[in-house]
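Enquirer: For the sequence shown, the positions run 277 to 355 when this note's numbering is used.
A virtual CB, placed ideally from N, CA and C, is assigned to each residue, including glycine.
One structure is given below, represented as structure tokens, and several questions about it will come after.
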Amino acid sequence: MIKMQDEALKVLSGYVDKRMKRLQGEILSLFELILPNDRQVEKARQFVFSLVQNANRDITDKIDRMNDLIIEEFRIRQG
Numbered sequence: 277m278i279k280m281q282d283e284a285l286k287v288l289s290g291y292v293d294k295r296m297k298r299l300q301g302e303i304l305s306l307f308e309l310i311l312p313n314d315r316q317v318e319k320a321r322q323f324v325f326s327l328v329q330n331a332n333r334d335i336t337d338k339i340d341r342m343n344d345l346i347i348e349e350f351r352i353r354q355g
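This is how it looks when you write it as structure tokens:
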């Protein structure tokens, strides 16, 4: 049972990672359209990359915590 939950959490984590990368690309595309020069686009790129890294870290931490809670609950039920 724990192995299935671990696999499910890995799939969820992978899905979140793909969605965040897609979102990052979409945001950068918008910045490229509205910002007047390459220097500002590069600053925006760094900012968005930082935001996505922080969001991914936060989501990963929450997924890891959820996994820990599932394992703890399973052990309690097993006695």
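Can you look up N313 in the DSSP assignment and give me helix, strand or coil?
Expert: Translated into the one-based positions of the sequence shown, residue 313 becomes position 37. Coil, per DSSP.
Enquirer: Does DSSP put G301 in a helix, in a strand, or in coil?
Expert: As a working mapping, residue 301 is identified with position 25 in the sequence shown. In the structure shown, G301 sits in a helix (DSSP, three-state: H, G or I).
Enquirer: Can you name, in chain order, every residue of its own chain whose Cβ lies under 8 angstroms from the Cβ of M342, other than the five neighbours on each side?
Expert: Residue numbering aside, residue 342 sits at position 66 when the sequence shown is read from its first letter. Same-chain partners within the cutoff: L285.
Enquirer: Cβ of M296 within 8 angstroms of Cβ of V328?
Expert: For this step, residue 296 is matched to residue 20 along the sequence shown. For this step, residue 328 is matched to residue 52 along the sequence shown. Going by C-beta atoms, M296 is nearer than 8 angstroms to V328.
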